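In this note's numbering, the protein residues as written are 737 to 1318.
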Ligand code: 5AD
Ligand code: SF4
């Protein structure tokens, strides 16, 4: 009996298919008995490579495994189940995966029941799974990006059959809701709004590894975000390979502007999104970004190249002029908007002049940040078949020249920030200096500043003192707890019950009948004092009656009753909140 069971292997022609429509699944999560028994007292370890889509898959896999009873370890040696979540976007991402797999040989030798699983985008490439199995016979389970919701079933089958499994679905992909999830951070979160990509840029493997572009329902996204707001999250990043396409598949006018606005209205302190394709960036989106103060004024807008011919061969569907017009429009509608980008150098047959056009574009745009990459051919993509006469050395030289130009723009923006104050979401003690905290501004700038470690996960106002190319040094502008108290007061004032209470209070203060009654009460009080001092018992009794009548009329007035009832409800809510916080 063979020890390996190939259930399905990737097929990039199937992955290219865009005919089948996605199915919406709301599975009930069932933990198979074998997995529950195996998980008892055992630990899992996950190592993720690549982008935020993979990070989100890690959180979902961790959710399933914790539900089954596993606990988590960050230590390779302690792992009873290890999952390596791979990236396929460039070759160097793949090389790191081989090194990671090698680290688990010792676990396998020590414990025959140790289970090693490899998943993610790299597995969706034809031939990769077979290559890995031949090279690392101690891999037990290989699965693809579309199999993540089946992780517990795969584990059960492996335990039951004692076979090593390969199950990599290649299809345009489903939308699966009701996914469990253990988030890596408790103050910033990623929320998928679309899956997959239909752009098929000629160099890119993503449309094959992650399937067709498909949008999650508005209500599912809002439910997830609302829960995060209630749990006190400070930042949400809406995720998609190309967020601008959100809602196009519904065909009912729902767009990215719709979901962005709806999420912003939930009141999350900071809302981000990525990635935006320059091709279908609508003015509506810009208006929404400009309108809501909690939407970060920061747009990641990959340009990839500054030459029209290269853009055409990349299949990007815009020209440099289109791109620069969009940059102008963004800066006109959102004047302080930070712009970041992705650029590939050394695309097949890119000439020196074409590369220098990219430098010119970068000098013109002056990005706040950029991810720069040397082109890496990906099997199965159209660009991998293109002739390429650019040598490796030339590609590296171009890369170094590009990085220098990018750095100039980044430094110029950083210098402009010195002396100004920015709101920073604190990530905790800095990696390099434990005495300093670090965090990011809404424009995505890394700031280091001295402060208490307890500020992790909170917003703090920081004045910038010094700028370096990729980070800034600053100082807290006031006691951070005062800032927090002010923020808390501001958000309490936004609570519906608080709003109602203050509206009732205003009515009571401004109502002419009640103004008159308050005056009567005061006059009667004054008369009572006057008559008491003069020993005038009859006058005193009359003033006292006037006082009591006015008081009763005041207390029984419907507006005063409304105020008392709104005050009572607000008090109850505050007590509940305080109990929850204690
Ligand atoms: N080679 C180099 N860079 C690539 N990217 C995508 N595919 C490749 C490739 N084959 C870059 C693009 C994209 C980012 C996520 O990765 O710049 O925007
Ligand atoms: Fe890849 Fe282009 Fe899709 Fe981005 S838009 S994921 S670069 S195919």
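Every residue gets a Cβ at the ideal spot worked out from N, C-alpha and C, and that includes glycine. The structure presented is a predicted model; accordingly, all values stated were derived computationally and were not measured.
Hey, is residue i close to the ligand SF4, as in C-beta under 7 Å from one of its heavy atoms?
i           : result
residue 723 : The structure shown has nothing for residue 723, since the chain only spans 737 to 1318.
residue 769 : no
Check the Cβ-Cβ distances between residue i and every residue of chain C, and say whether any is below 8 Å.
i            : result
residue 1028 : Absent here is chain C; the protein component of the structure consists of one chain.
Determine whether the beta carbon atoms of residue i and residue j lie at a separation below 8 Å.
i            : j            : result
residue 921  : residue 951  : no
residue 805  : residue 779  : no
residue 938  : residue 1117 : yes
residue 974  : residue 936  : no
residue 817  : residue 784  : no
residue 829  : residue 781  : no
residue 1000 : residue 964  : no
residue 1219 : residue 1247 : no
residue 883  : residue 890  : yes
residue 1156 : residue 1209 : no
residue 1146 : residue 1160 : no
residue 1025 : residue 969  : no
residue 945  : residue 824  : yes
residue 1268 : residue 1276 : yes
residue 820  : residue 914  : no
residue 1213 : residue 1191 : no
residue 1114 : residue 941  : yes
residue 931  : residue 909  : yes
residue 868  : residue 878  : yes
residue 928  : residue 949  : no
residue 1194 : residue 1150 : no
residue 1014 : residue 1058 : yes
residue 906  : residue 751  : yes
residue 1126 : residue 1086 : yes
residue 1081 : residue 1121 : no
residue 1124 : residue 1084 : yes
residue 1006 : residue 967  : no
Is residue i near the ligand 5AD, going by C-beta to nearest heavy atom under 7 Å?
i            : result
residue 1102 : no
residue 1078 : yes
residue 1091 : no
residue 1158 : no
residue 744  : no
residue 969  : no
residue 826  : yes
residue 1009 : no
residue 1109 : yes
residue 1112 : yes
residue 1040 : yes
Can you pull the DSSP bridge partners for residue i?
i            : result
residue 912  : 761
residue 1175 : 1162 and 1183
residue 948  : For residue 948, which the question treats as bridged, DSSP gives no partner whatsoever.
residue 1040 : 1079
residue 928  : 975
residue 902  : 742 and 878
residue 820  : 783 and 854
residue 1210 : 1200
residue 1074 : 1034
residue 1108 : 1079
residue 1008 : 973
residue 917  : None; residue 917 has no bridge partner.
Assess, as a yes-or-no matter, whether the segment 1062-1081 is touched by the segment 1033-1043 under the definition of 3 or more beta carbon pairs within less than 8 Å. With a cut-off of 8 Å, the segment 1062-1081 and the segment 1033-1043 count as touching, because enough Cβ pairs lie within range.
Does the segment 1272-1288 come close enough to the segment 1299-1313 that 3 or more CB-CB pairs lie under 8 Å? no
Any contact between the segment 1106-1114 and the segment 1055-1070? By contact I mean 3 or more CB pairs, one from each, below 8 Å. no
Spell out a yes or no on whether the segment 1289-1304 and the segment 1228-1241 are touching, meaning 3 or more CB-CB pairs, one atom from each, closer than 8 Å. They touch, by the three-pair rule.
Please list, in chain order, all residues with a C-beta atom less than 7 Å from at least one heavy atom of the ligand SF4. 933, 935, 936, 937, 940, 942, 943, 977, 978, 1011, 1013 and 1038
Contact between the segment 986-999 and the segment 956-968 is defined here as three or more beta-carbon pairs at a separation below 8 Å; is this criterion met? yes
Does the count of Cβ pairs from the segment 738-754 and the segment 859-873 closer than 8 Å reach three? yes
Are the segment 790-806 and the segment 896-911 touching, with three or more C-beta to C-beta distances below 8 Å? no
Sufficient close CB pairs (3 or more, under 8 Å) joining the segment 1083-1095 to the segment 1042-1049: yes
Should the segment 767-776 be regarded as contacting the segment 796-813, the criterion being three or more beta carbon pairs within less than 8 Å? Contact holds between the segment 767-776 and the segment 796-813, because three or more Cβ pairs, one in each stretch, are under 8 Å apart.
Taking contact to mean at least 3 C-beta pairs separated by less than 8 Å, is the segment 1290-1299 in contact with the segment 1246-1261? yes
Please confirm if the segment 1093-1106 is in contact with the segment 1129-1146, defined as three or more CB-CB distances below 8 Å between the two stretches. yes
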